[in-house]
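Worksheet for the structure shown next.
Residue numbers (my numbering): 280 to 670.
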């Protein structure tokens with residue numbers, strides 16, 4: 280009789296399937312080697328080339344590379360001089376919100392949709408007051424927020440829109456790339472994302488003034504980067520500090536990786552979509568395990584694969600289910616612990632977050648990354664079915 284691996288049975292995947300894993304080839308390694316041998320490793324030609332490639336890919340005017348998406352968001356908030364109340368989601372990484380606090384704004388958490396974990400438009404509408412100055416929609420798991428509704432609200436109430444598109448590279452909304460619908464969009468190149476530079480970020484905008492200011496804010500407020508100061512027109516030590524700021528500029532080593540990764544983005548997204556489609560099909564009839572709704576598969580980047588667990592149907596809680604699945608060799612994760620559950624934000628202003636509370640307590644992410652194939656997806660499904668049947 281078959282047993283769960285946690286009870287001494289054979290694991291479905293003894294070698295394990297990672298929750299997420301970057302795919303890096305010789306192209307990235309060779310390009311990084313070229314940069315290291317060049318003697319120029321800080322912000323320079325490679326960074327500019329990567330920024331230009333991102334701008335071209337997204338059809339936007341300006342792209343500014345940073346050390347991560349968190350810093351991209353914070354310098355964006357500062358450049359836009361956001362103050363007053365800024366509406367966003369509790370289902371996000373902490374720096375979406377902490378950057379607002381550090382920039383002098385007052386974040387207000389709005390509820391999410393149960394089927395997509397993206398902002399609930401009705402909750403956003405209810406949160407708008409004369410003190411509201413901006414909305415920060417966070418695209419989730421590779422799927423966009425309902426941006427037409429967000430942009431309509433912004434137009435009606437004269438609000439700024441900053442897209443947190445950390446999950447959104449390679450995805451679109453009604454044909455337009457995520458990150459390019461609002462005033463500014465911010466992307467992540469963390470190891471788990473659609474493409475990686477190890478750590479890295481990028482903000483994109485059509486606003487030249489915002490682009491110029493964020494270039495300075497990423498470089499301690501300095502008005503000229505090292506490349507500009509090496510043009511021979513003035514001493515290379517001649518610059519002005521025009522703002523009080525930190526330092527979060529991208530460097531050429533990371534950019535070299537990013538250039539090669541970006542050339543593979545379509546293949547990476549296609550691989551994720553193949554795995555996701557197999558998981559969608561295989562998990563459809565598994566009791567107690569429900570994948571999130573996908574509005575349009577052709578516009579989804581499939582960054583994460585969250586499911587909702589029905590603990591009453593399963594007969595066990597999430598932690599018991601998760602540990603049993605892990606024993607079968609299937610890695611899992613939770614995205615996210617809601618912002619207001621963290622001690623740093625326990626007094627944050629918020630709307631009624633009933634849906635957030637429900638879904639956050641029942642969500643679990645299954646493996647998905649471009650290194651997986653249909654066989655891996657089949658093993659994930661088999662492990663889920665085994666755990667559901669035998670727990």
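Yeah, the Cβ is synthetic: ideal placement off N, Cα and C, and Gly gets one too.
As the structure is a computational prediction, the values presented were derived from the model and not from experiment.
> Straight-line CA distance for residue 570 to residue 467?
Replying inline: 24 Å
> Are three or more beta carbon pairs between the stretch 525 to 532 and the stretch 308 to 315 nearer than 8 Å?
Replying inline: yes
> From 520, 537, 367, pick the residue whose C-alpha is nearest to that of residue 326; which is it?
Replying inline: 537
> Roughly how many angstroms separate the alpha carbons of residue 629 and residue 444, rounded to a whole number?
Replying inline: 22 Å
>> On the DSSP letters alone, give me the boundaries of the alpha helix (DSSP H) that residue 280 sits inside.
In response: Here residue 280 belongs to no alpha helix (DSSP H), and DSSP marks it neither H nor E.
> Excluding the five sequence neighbours on either side, which residues of its own chain have a C-beta within less than 6 Å of the C-beta of residue 503, listed in chain order?
Replying inline: 518
> When burial is assigned at 16 or more other CB atoms within 10 Å of the CB, is residue 360 buried or exposed?
Replying inline: exposed
>> Looking at residue 581: is its Cβ nearer than 8 Å to the Cβ of residue 474?
In response: no
>> If I measure Cβ to Cβ from residue 644 and keep anything under 7 Å in the same chain, skipping five residues before and after, which residues do I get?
In response: 298, 583, 584, 585, 611, 612, 613, 614
> To the nearest angstrom, how far is it from the Cα of residue 632 to the Cα of residue 389?
Replying inline: 7 Å
> Pairing CB atoms from the stretch 349 to 368 with CB atoms from the stretch 592 to 609, are three or more of them under 8 Å?
Replying inline: no
>> Would residue 573 and residue 588 qualify as a contact pair, given that the criterion is a beta-carbon distance under 8 Å?
In response: no
>> Which of the three DSSP states is assigned to residue 632 in this structure?
In response: coil
> Assuming residue 447 and residue 461 make a contact with CB atoms under 8 Å, what is their CB distance in whole Å?
Replying inline: Not confirmed; about 11 Å, so no contact.
> In this structure, what does DSSP give as the bridge partners for residue 430?
Replying inline: Note: residue 430 sits in no beta bridge, so no partner.
>> Just to confirm before moving on: does the CB-CB distance between residue 345 and residue 482 stay below 8 Å?
In response: yes
> When you compare each of 670, 665, 420 to residue 291 by their alpha carbons, which one comes out closest?
Replying inline: 665
> Per DSSP, which one or two residues make a beta bridge with residue 385?
Replying inline: 364
> How many angstroms separate the CA atom of residue 656 from the CA atom of residue 384?
Replying inline: 43 Å
>> Restricting to runs no shorter than 3 residues, where is the beta strand (DSSP E) found entirely within the stretch 394 to 462?
In response: 411 to 414, 439 to 443
>> With distance defined between alpha-carbon atoms, name the residue in 317, 341, 369, 564 nearest to residue 625.
In response: 369
> Could you give the distance in angstroms between the alpha-carbon of residue 639 and the alpha-carbon of residue 426?
Replying inline: 23 Å
>> Just to confirm before moving on: does the CB-CB distance between residue 342 and residue 353 stay below 8 Å?
In response: no
> So, helix, strand or coil for residue 667, using DSSP?
Replying inline: helix
> In angstroms, rounded to a whole number, what distance separates the CA positions of residue 413 and residue 608?
Replying inline: 43 Å
> Do residue 296 and residue 560 have their C-beta atoms within less than 8 Å of each other?
Replying inline: no
>> Can you give me the C-alpha to C-alpha distance between residue 375 and residue 564, rounded to a whole angstrom?
In response: 36 Å
>> Looking at residue 479: is its Cβ nearer than 8 Å to the Cβ of residue 465?
In response: no
> Name the DSSP beta bridge partners of residue 341, please?
Replying inline: 484
> Under a three-way DSSP split, which group does residue 624 fall into?
Replying inline: helix
> Do you know whose CA, among 637, 428, 606, 283, lies nearest residue 404's CA?
Replying inline: 428
> Should residue 514 be labelled buried (16 or more other beta-carbon atoms within 10 Å of its own) or exposed?
Replying inline: exposed
>> Does residue 538 come out as helix, strand or coil in the three-state DSSP assignment?
In response: helix
> residue 644 by DSSP, collapsed to three states: which one?
Replying inline: strand
> Roughly how many whole angstroms lie between the Cα atoms of residue 651 and residue 556?
Replying inline: 12 Å
>> Within the continuous beta strand (DSSP E) that includes residue 584, where are the two ends?
In response: 584 to 588
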